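Mind the numbering: the sequence shown is residues 0 to 261 in numbering that gives the first Met the number 0, read in order.
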Amino acid sequence: MRPWVELDAVSQVYAGSTVLREVSLSLTAGERVALIGPSGAGKTTMLRLMTGALPPSRGRVNLFGEDTATLRGRRLRRARRRVGMLYQRDNLIPQLRVVHNVAMGRLCEWSRLRALWSLIWPQQLGDIRAALDQVELAHRVWDYPATLSGGEAQRVAIARLLLQDPDVLLADEPASALDVRLAADVVTRLSDLAAAAGKALVVSLHALELLGPAFTRVVALRDGQICWQGPVAAWHEGLVRHVFGVSPDPSERAGVSGHDRL
Numbered sequence: 000m001r002p003w004v005e006l007d008a009v010s011q012v013y014a015g016s017t018v019l020r021e022v023s024l025s026l027t028a029g030e031r032v033a034l035i036g037p038s039g040a041g042k043t044t045m046l047r048l049m050t051g052a053l054p055p056s057r058g059r060v061n062l063f064g065e066d067t068a069t070l071r072g073r074r075l076r077r078a079r080r081r082v083g084m085l086y087q088r089d090n091l092i093p094q095l096r097v098v099h100n101v102a103m104g105r106l107c108e109w110s111r112l113r114a115l116w117s118l119i120w121p122q123q124l125g126d127i128r129a130a131l132d133q134v135e136l137a138h139r140v141w142d143y144p145a146t147l148s149g150g151e152a153q154r155v156a157i158a159r160l161l162l163q164d165p166d167v168l169l170a171d172e173p174a175s176a177l178d179v180r181l182a183a184d185v186v187t188r189l190s191d192l193a194a195a196a197g198k199a200l201v202v203s204l205h206a207l208e209l210l211g212p213a214f215t216r217v218v219a220l221r222d223g224q225i226c227w228q229g230p231v232a233a234w235h236e237g238l239v240r241h242v243f244g245v246s247p248d249p250s251e252r253a254g255v256s257g258h259d260r261l
């Protein structure tokens, strides 16, 4: 099966500092990948490269079999539309109701006139309600973001992503601002939605305890390089020191789990 996303010997340099070094990775339909690593390891940069929004300093990024360096105009927009990103914060616009925030997932397809008209009379309301229903928030369609809990706001952001209907779902620590229970709920929802639709999923995580059956593979970054990858079942506590530079012994490392950041 041809990869949907492929990084081929990619390096990324910012202001003379190398953030990623010769990283190669492929992502195919149906895969659900947990991206872990210490702060500053390059997780966010890798996700941005996967969207096609960031050109690599060296190497090649392929989206759906096409080198992003060769894509321009409509072809580039079409490829990027098939990749959706969920960020650490929900990025909801507080002045707009939930219905309008979710509708943002379709802006890339609408004309400017239709987008403006949607602020007065929401377009594709049935699709918006269906997306909210998938995250159990259809009853919140006319509410404002200020009335939502943190977990609900992030679920509205997921609904916005669902309305975009990308083939590849990327999430940059989407649950970092939530407690462990709500974080697990967000990760599970993303995984279930991706699995049900045959989409590919990559989630960067801030809590090791979120690793589990929601994912099919773990990719670990350290110092801008992939230092380990394999199936979730192969991950074990002995790898914690290798990836994070701390002891796997809870008495020595004060527990790399729960709220500890990756």
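The beta carbon of each residue, even a glycine, is placed where N, CA and C say it ideally should be. On a predicted model such as this, the values are computed, not experimentally measured, just so you know.
Give the secondary structure of residue i by DSSP, where H, G and I count as helix, E and B as strand, and everything else as coil.
i, result
"M103", "helix"
"I92", "coil"
"R50", "Note on identity: in this sequence residue 50 is Thr, with Arg being the wrong assignment. Note: T50 maps to helix in three-state DSSP."
"D126", "helix"
"R79", "helix"
"G72", "helix"
"A213", "coil"
"R1", "coil"
"Q133", "helix"
"V17", "According to the sequence shown, residue 17 is Thr rather than Val. Of the three classes helix, strand and coil, the one that applies to T17 here is strand, per DSSP."
"G254", "Only weak support exists for where G254 lies, its pLDDT of 36 falling under 50; the value from the coordinates is given anyway. It is coil, neither helix nor strand."
"A40", "coil"
"A145", "helix"
"A108", "The sequence given here places Glu at residue 108; Ala does not occur at that position. Three-state DSSP puts E108 in coil, outside helix and strand."
"E208", "helix"
"A28", "coil"
"P247", "In this predicted model, P247 has a pLDDT of only 45, less than 50, meaning its place in the structure is not dependable; the value taken from the coordinates is given anyway. Three-state DSSP puts P247 in coil, outside helix and strand."
For the alpha helix (DSSP H) that residue i lies in, which residues bound it at each end?
i, result
"Q153", "149-163"
"T187", "179-196"
"L112", "111-119"
"V239", "238-243"
Can the beta-carbon of residue i be found closer than 7 Å to that of residue j?
i, j, result
"V82", "P165", "yes"
"A33", "E21", "no"
"L62", "G41", "no"
"L161", "A130", "yes"
"V231", "F214", "yes"
"V4", "V134", "no"
"S23", "L46", "no"
"R73", "S190", "no"
When you compare each of the options to residue i by their alpha carbons, which one comes out closest?
i, options, result
"E108", "Q122, V98, E135, F63", "Q122"
"G58", "V12, Q163, R88", "V12"
"N100", "Q133, P212, I127", "I127"
"Q163", "P54, P230, V98, L106", "L106"
"V97", "G64, T17, S148, P54", "S148"
"R240", "G36, G15, L24, V4", "G36"
"G211", "R47, V167, H235", "H235"
"L70", "E5, G51, L85", "G51"
I'd like the span of the beta strand (DSSP E) that includes residue i, first residue to last.
i, result
"A170", "167-171"
"Q224", "224-229"
"A199", "199-203"
"G58", "57-62"
I want to know whether the stretch 167-174 touches the stretch 190-208 - three or more CB-CB distances under 8 Å.
Verdict: yes, contact present.
Tell me, please, whether the stretch 188-196 touches the stretch 216-229 by the rule of three or more beta-carbon pairs shorter than 8 Å.
The stretch 188-196 is not in contact with the stretch 216-229.
Does the count of Cβ pairs from the stretch 79-95 and the stretch 152-162 closer than 8 Å reach three?
The stretch 152-162 and the stretch 79-95 touch, with three or more beta-carbon pairs separated by less than 8 Å.
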